[in-house]
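Peer 1: Quick one: structure below, then a few questions.
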Amino acid sequence: LPGLDPLSAVWVGIICLVFSSRLSTMKAASICPNDQTGCHLLPLANLFDRVIQHSARMHGISDDLHSEFELYFLPSKNQIGRVSRNCHTSTILTPNGKENAQRIAREELAEIILKLLVAWRDPLWHFHQSMSQHDEFTNFSSNKSLEMSDMVHELRKGVLKVVEKMQMLGIISNSVGDTGSPEALLTSDSAEWRFMKDYDLLYCFRRDSNKIQNYLKILKCRIVPKHGC
Amino acid sequence: MAVSLSYDLLLLLVISSLDWSSTPGSAFLTDHNRMTSSAPVEPHFTECMSRDLETFRCWWSPGTFHNLSSPEELRVFYLKRNSPSSEWKECPEYSHLNRECFFDANHTSIWIPYCLQLRGQNNITYFNEDDCFSVENIVRPDPPVSLNWTLLIVSPSGLSYDVMVSWEPPPSADVSTGWMRIEYEIQYRERNATTWEALETQPHTQQTIYGLQAGTEYEVHIRTKMKGFPKFGDFSDSIFVKVTEIPLRESAVLLTLVLTFGVAGILILIMLIVVSHQQRLMMILLPPVPAPKIKGIDSELLKKGKLEELDFILNGGGLGGLPTYISDYYQDEPWVEFIEVDEEDADCGEKEDQKSSDTQRLLGLPQRSVGCFSADSHPDDDSGRASCYDTDLSEQDTHLLAASLLPGQPEDEEAFLHPDEKAPASETNKSPLIQTESEGKPTWINTDLYAQVSNVMPSGGVVLSPGQQLRIQENTEKESQKKGTLGEDTSKLNKPQFQLLVVDPDGSGYTSEITARQISTPPSSLVPGEGYQTIYPQPMETKPAAPSEPNQSPYILPDSPQTRLFAPVADYTVVQELDTHQSLLLNLPTQQPPPPCLPQHPLKAPVAIGYVTPDLLGNLSS
Chain A
1 LPGLDPLSAV WVGIICLVFS SRLSTMKAAS ICPNDQTGCH LLPLANLFDR VIQHSARMHG
61 ISDDLHSEFE LYFLPSKNQI GRVSRNCHTS TILTPNGKEN AQRIAREELA EIILKLLVAW
121 RDPLWHFHQS MSQHDEFTNF SSNKSLEMSD MVHELRKGVL KVVEKMQMLG IISNSVGDTG
181 SPEALLTSDS AEWRFMKDYD LLYCFRRDSN KIQNYLKILK CRIVPKHGC
Chain B
1 MAVSLSYDLL LLLVISSLDW SSTPGSAFLT DHNRMTSSAP VEPHFTECMS RDLETFRCWW
61 SPGTFHNLSS PEELRVFYLK RNSPSSEWKE CPEYSHLNRE CFFDANHTSI WIPYCLQLRG
121 QNNITYFNED DCFSVENIVR PDPPVSLNWT LLIVSPSGLS YDVMVSWEPP PSADVSTGWM
181 RIEYEIQYRE RNATTWEALE TQPHTQQTIY GLQAGTEYEV HIRTKMKGFP KFGDFSDSIF
241 VKVTEIPLRE SAVLLTLVLT FGVAGILILI MLIVVSHQQR LMMILLPPVP APKIKGIDSE
301 LLKKGKLEEL DFILNGGGLG GLPTYISDYY QDEPWVEFIE VDEEDADCGE KEDQKSSDTQ
361 RLLGLPQRSV GCFSADSHPD DDSGRASCYD TDLSEQDTHL LAASLLPGQP EDEEAFLHPD
421 EKAPASETNK SPLIQTESEG KPTWINTDLY AQVSNVMPSG GVVLSPGQQL RIQENTEKES
481 QKKGTLGEDT SKLNKPQFQL LVVDPDGSGY TSEITARQIS TPPSSLVPGE GYQTIYPQPM
541 ETKPAAPSEP NQSPYILPDS PQTRLFAPVA DYTVVQELDT HQSLLLNLPT QQPPPPCLPQ
601 HPLKAPVAIG YVTPDLLGNL SS
């Protein structure tokens, strides 16, 4: 480099070496000096935490939107409303309780989460489109719907990464598919959600985001129980 | 109709009798319409609640018009809408005492809508569409347990403090597995206040309350809710927080504050005083160094090194000379001899100080306005002469200088008259004396006993300093006054108490004793040998007197006793030899007639000052 003294170049080189060595050690050992039990799972636990936080935020946004919708539509007393209508994701078999969630296999749980996330990708996008077209909705709501649909995408990617990591660590088997059955399942139900009203859509998504959040939490505490469960 | 009326009455009775407070929590269904209306109220569910997201309970009320014969008549059926082919099922667990239906974990499904209905006898069904719900929406977590507080910090004044409140999550809520994510809300109030202060909901199990007042007791309680869901649980039991005041500390703080401000104020005052009286303080603390005492000279000039100006001032600045205040300034210092350079001859004449006049004559300074020279102007005592020798002097100055050696001239009659009280006649008599001199006139005022010999002529004459001239003049005047009365010579002779010296008109400055004798003997009758008389053997050469009236020539010729008497003689003579009579022999005077015309050598006297340079001597001699 022009204008670079040999002395400063030497210093830069030394610093680079030091950092690279540190980075390599980080990659290799990943914070664990020796192979303690559970120590190598720390990055996985951190990944789980981030994903759970993401899902919590998604649920919060869906809750806000739902509450806002209730102002425009009928204010239900116990937030049930027209429950008779089923959500399009009802076909997906999901554990309905804590024990059930703890009992099923980890792979299955992970797969359910992914199914849900995939199922909501298109409907939320369309929901956002319809929201932006309506004039009575404020910008706040429109931004939230866009954010919601983006978050579903990102959360799905995050969960996929977690699954990959788990498969890499050998915690779960490689049976968890990504683009396999969820897509097939979705196509069969693709028509259903188009008939849902916006309000029902919001209600269903609010419910499903809560499901996702809970499932992730349970999954984390089943796989990495020592890290903040 | 009748049935409805009876039902209404029954309802009213039931409402009045029922204890609504027994139902846990707030009303699940906001059935204000039903309560306020007088219409009969059918059996309904008051509330369904879940504490831990795993189980839930429902409470019902029978209503107003229902036959309350047996509580077991009403039955609870629920429907789980998780499949289209679901059917109504009965409550798994009854608690008829509380009119409560409890759903345990096996019968609880989350995220699945439940619908409940009451069925009475004869399969009368009381169902409301609004009674459908999902369990996650009805969760009201239990309040936290194990509340306690610790004092975090007390303010320096001791008036307020911060408190850290910590607690445990409710045991029923499964927070550890993350199944429930709970948020907490703290509320506090003063002991006897009515309204609560609420802090922001947060998920941690401890929180700090800031700004509590010392000495006041506070009541604190906490409630919980599920994150993302709106319903709060009940409040926990209250705890009481109190910190007593520490008055000593407070007073100490106040004292320190007062002291600090007082000291600061005093310092500011001192600073202001110092700044305002800066000049005086500087004078006191750092007195100025005394300036050099050079009389008449501004020390600033010396500092600046302006020698030209200095010289100008010292040289009289056009005969101006130095101001006279200097003598007054340094009067108390006798060791300082000031020879003032004055324009006025009067100043020189007024100088009563004999010393100065003596000094002047000693130095041979001309009494003329050229004048009074400052001794300080030149380093050595003869410095005054240097200015006299200053070639820059004008011709007039030279005339003056010359005239200074001669008897006074009529130009300065006043000055001339000043030293002695002369009759106007003497003036006239003096006038020839004065007129004998050609020009410009030294004053004969300062006539002293002593006169310095300015120069000694090779012919034997002596050039006297002006002082001598004046004295001589005095004598001459007196003699001339009483010319006619020779008999009074004695008186005249008696008068002069001074000493006369034989002066060689050649300017040699010496007189021989013979001359002295000659002078002295004839006047022995005249002068009973009292003092010396200045005799000018050849007064002509040194004194350009105009012998217009030889009779009145001021100079006493050696022949005449008068002349002998009044021959100007220098104050000092040099002893040539000792004769046999142990008498001093001064310079042999040359027997020469007194030169009638003194003015023959009128201008030959730049010698006038103390010494004569060889050049001037040559002038004189020629």
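For the record, the sequence lines run as chains A and B. Using full-length UniProt numbering, the letters of the first sequence correspond one by one to residues 1 to 229. Using full-length UniProt numbering, the letters of the second sequence correspond one by one to residues 1 to 622. We put the beta carbon where it would ideally sit given N, CA and C, even for glycine. Note that the coordinates shown come from a computational prediction; the quantities given were computed from them, not determined experimentally.
(1) Using a Cβ-Cβ cut-off of 7 Å (strictly less than) and excluding sequence neighbours within five positions of residue 51 (chain B), which residues of its own chain qualify?
(2) For residue 98 (chain A) versus residue 177 (chain B), is the C-beta distance shorter than 9 Å?
(3) Could you check whether the region 107-124 of chain B touches the region 192-212 of chain B, counting it as contact only if at least three pairs of C-beta atoms, one from each stretch, sit closer than 8 Å?
(4) Which first and last residues belong to the beta strand (DSSP E) in which residue 285 (chain B) is found?
(5) Assign residue 280 (chain B) to buried or exposed, taking buried as 16 or more other Cβ atoms, counted over all protein chains shown, within 10 Å of its Cβ.
(6) Tell me which same chain residues have a C-beta within less than 6 Å of the C-beta of residue 45 (chain A), skipping the five on either side of it?
(7) Quick one: Cα of residue 290 (chain B) to Cα of residue 283 (chain B), how far?
(8) For residue 78 (chain B), which three-state DSSP category applies?
(9) Just curious, the beta strand (DSSP E) that residue 189 (chain B) is in, first and last residue?
(10) Check the Cβ of residue 172 (chain A) against every Cβ in chain B and list those closer than 9 Å, keeping chain order.
(11) Please look up how many angstroms separate the CB atoms of residue 165 (chain B) and residue 206 (chain B), rounded, as I've assumed it's under 8 Å.
(12) Any beta carbon of chain B sitting closer than 9 Å to that of residue 52 (chain A)?
(13) Have a look at the DSSP bridge pairing and note the partners of residue 44 (chain A).
(14) Classify residue 221 (chain B) as helix, strand or coil using the three-state DSSP reduction.
(15) Cα separation between residue 163 (chain A) and residue 215 (chain A)?
(16) With residue 53 (chain B) and residue 175 (chain B) assumed to form a contact (beta carbons below 8 Å), what rounded beta-carbon distance in angstroms separates them?
(17) Between the alpha carbons of residue 112 (chain A) and residue 154 (chain A), how many angstroms are there, rounded?
(18) Would you decide whether residue 209 (chain A) is buried or exposed? Buried here means 16 or more other CB atoms lie within 10 Å of its CB.
(19) Give the residues from the region 87-106 of chain B that approach chain A closer than 8 Å (Cβ to any Cβ), ordered along the chain.
(20) So which residues of chain A does residue 136 (chain B) contact, with C-beta pairs closer than 7 Å?
(21) At what residues does the alpha helix (DSSP H) containing residue 253 (chain A) begin and finish?
(22) Alpha carbon to alpha carbon, how far is residue 46 (chain B) from residue 138 (chain B)?
(23) What does a CB cutoff of less than 7 Å around residue 591 (chain B) pick up in its chain, not counting 5 residues either side in sequence?
(24) Please classify residue 175 (chain A): is it buried, with 16 or more other beta-carbons within 10 angstroms of its beta-carbon, or exposed?
(25) Kindly indicate which three-state DSSP category residue 293 (chain B) falls into: helix, strand or coil?
(26) Kindly indicate if chain A contains any beta-carbon less than 9 Å away from that of residue 242 (chain B).
(27) For chain B, find out if any of its Cβ atoms is closer than 9 Å to the Cβ of residue 63 (chain A); answer yes or no.
(28) What are the residues that DSSP puts in a beta bridge with residue 11 (chain A)?
(29) Establish whether the CB of residue 43 (chain B) and some CB of chain A are separated by less than 9 Å.
(30) Would you mind stating whether residue 169 (chain B) and residue 224 (chain B) have Cβ atoms separated by less than 9 Å?
(31) Classify residue 16 (chain A): buried if its beta carbon has 16 or more other beta carbons within 10 angstroms, exposed otherwise.
(32) Determine which residues share a DSSP beta bridge with residue 133 (chain B) and list them.
(33) For residue 195 (chain B), count the other beta carbons within 10 Å of its own beta carbon; 16 or more makes it buried, fewer makes it exposed. Which is it?
(34) Between residue 77 (chain B) and residue 60 (chain B), which are expected to be in contact by the criterion C-beta below 8 Å, what is the C-beta distance as a whole number of angstroms?
(35) In terms of residues, what are the limits of the alpha helix (DSSP H) holding residue 168 (chain A)?
Peer 2: In terms of the structure at hand:
(1) Within the second sequence, the letter at position 51 stands for residue 51 (chain B). Excluding positions up to five away in sequence, the list reads 140, 141, 142 and 172.
(2) The sequence position of residue 98 (chain A) within the first sequence is 98, counting from 1. The sequence position of residue 177 (chain B) within the second sequence is 177, counting from 1. Yes, the Cβ-Cβ distance between residue 98 (chain A) and residue 177 (chain B) is below 9 Å.
(3) Contact between the region 107-124 of chain B and the region 192-212 of chain B is absent, because fewer than three Cβ pairs lie under 8 Å.
(4) Numbered from 1 along the second sequence, position 285 holds the residue referred to as residue 285 (chain B). Note, residue 285 (chain B): premise wrong, no beta strand (DSSP E); alpha helix (DSSP H) at 278-285.
(5) Here residue 280 (chain B) corresponds to residue number 280 of the second sequence, with the count starting at 1. With fewer than 16 Cβ atoms within 10 Å of its Cβ, residue 280 (chain B) is classed as exposed.
(6) What you label residue 45 (chain A) is simply residue 45 of the first sequence in a count that begins at 1. 224 and 227.
(7) The residue given as residue 290 (chain B) occupies position 290 in the second sequence. The residue given as residue 283 (chain B) occupies position 283 in the second sequence. About 13 Å.
(8) Position 78 of the second sequence, counted from the start, is the residue given in the question as residue 78 (chain B). Residue 78 (chain B) falls in the strand class under three-state DSSP.
(9) For this step, residue 189 (chain B) is matched to residue 189 along the second sequence. 182-190 is the span of the beta strand (DSSP E), which, as asked, contains residue 189 (chain B).
(10) Counting from one through the first sequence, the residue named residue 172 (chain A) turns up at place 172. Within chain B, no residue comes near residue 172 (chain A); the closest Cβ sits about 19 Å away, beyond 9 Å.
(11) Translated into positions along the second sequence, residue 165 (chain B) becomes position 165. Translated into positions along the second sequence, residue 206 (chain B) becomes position 206. Rounded, the Cβ-Cβ distance is 7 Å, consistent with contact.
(12) Counted from its first residue, the first sequence places residue 52 (chain A) at position 52. Closer than 9 Å to some Cβ of chain B, the Cβ of residue 52 (chain A) qualifies, so yes.
(13) Here the question's residue 44 (chain A) lines up with position 44 in the first sequence. Answer is none; residue 44 (chain A) lacks a bridge partner.
(14) By 1-based counting over the second sequence, the position of residue 221 (chain B) is 221. Looking at residue 221 (chain B) - three-state DSSP - the assignment turns out to be strand.
(15) Start at 1 with the first residue of the first sequence, and residue 163 (chain A) comes out as number 163. Start at 1 with the first residue of the first sequence, and residue 215 (chain A) comes out as number 215. Residue 163 (chain A) and residue 215 (chain A): Cα-Cα distance of roughly 14 Å.
(16) In the second sequence, counting from the first residue as 1, residue 53 (chain B) sits at position 53. In the second sequence, counting from the first residue as 1, residue 175 (chain B) sits at position 175. About 11 Å; that fails the 8 Å criterion.
(17) Translated into positions along the first sequence, residue 112 (chain A) becomes position 112. Translated into positions along the first sequence, residue 154 (chain A) becomes position 154. Looking at the two C-alpha atoms, the distance is approximately 17 Å.
(18) On the first sequence, position 209 is the one that residue 209 (chain A) refers to. In summary, residue 209 (chain A) is buried, with 16 or more beta-carbon neighbours lying within 10 Å of its beta-carbon over all protein chains present.
(19) 105
(20) Taking the first residue of the second sequence as 1, we reach residue 136 (chain B) at position 136. Ordered by position in chain A, the residues that pass the 7 Å Cβ test against residue 136 (chain B) are 210.
(21) With chain A covering 1 to 229 only, the question about residue 253 (chain A) has no answer from this structure.
(22) Along the second sequence, read from residue 1 onward, the residue named residue 46 (chain B) stands at position 46. Along the second sequence, read from residue 1 onward, the residue named residue 138 (chain B) stands at position 138. For residue 46 (chain B) and residue 138 (chain B), the distance between alpha carbons rounds to 13 Å.
(23) Taking the first residue of the second sequence as position 1, residue 591 (chain B) is located at position 591. Since pLDDT at residue 591 (chain B) reaches only 48, below the 50 mark, its modelled position is unreliable, and the value read off the structure follows with that caveat. Nothing meets the Cβ criterion.
(24) The residue you call residue 175 (chain A) lines up with position 175 of the first sequence. Under this definition residue 175 (chain A) is an exposed residue.
(25) Along the second sequence, one-based indexing puts residue 293 (chain B) at 293. Note: residue 293 (chain B) maps to coil in three-state DSSP.
(26) Within the second sequence, numbered from 1, the residue matching residue 242 (chain B) stands at position 242. Taking Cβ atoms only, chain A never reaches closer than 9 Å to residue 242 (chain B), which makes this a no.
(27) Numbered from 1 along the first sequence, position 63 holds the residue referred to as residue 63 (chain A). Yes, residue 63 (chain A) lies at the interface with chain B (some Cβ there is under 9 Å from its Cβ).
(28) Working through the first sequence from its first residue, we reach residue 11 (chain A) at position 11. Per DSSP, none; premise fails for residue 11 (chain A).
(29) What you label residue 43 (chain B) is simply residue 43 of the second sequence in a count that begins at 1. No, because no Cβ of chain A sits closer than 9 Å to the Cβ of residue 43 (chain B).
(30) In the second sequence, residue 169 (chain B) corresponds to position 169, counting from 1. In the second sequence, residue 224 (chain B) corresponds to position 224, counting from 1. Contact flag set, yes.
(31) Here residue 16 (chain A) corresponds to residue number 16 of the first sequence, with the count starting at 1. That one is exposed.
(32) By 1-based counting over the second sequence, the position of residue 133 (chain B) is 133. Its beta-bridge partners are B:114.
(33) Here residue 195 (chain B) refers to the residue found at position 195 of the second sequence. It counts as exposed.
(34) For the purposes of this step, residue 77 (chain B) is identified with residue 77 of the second sequence, where counting begins at 1. For the purposes of this step, residue 60 (chain B) is identified with residue 60 of the second sequence, where counting begins at 1. Wrong, their Cβ atoms sit about 11 Å apart, outside the cutoff.
(35) Taking the first residue of the first sequence as 1, we reach residue 168 (chain A) at position 168. Counting along the chain, the alpha helix (DSSP H) containing residue 168 (chain A) begins and ends at 139-169.
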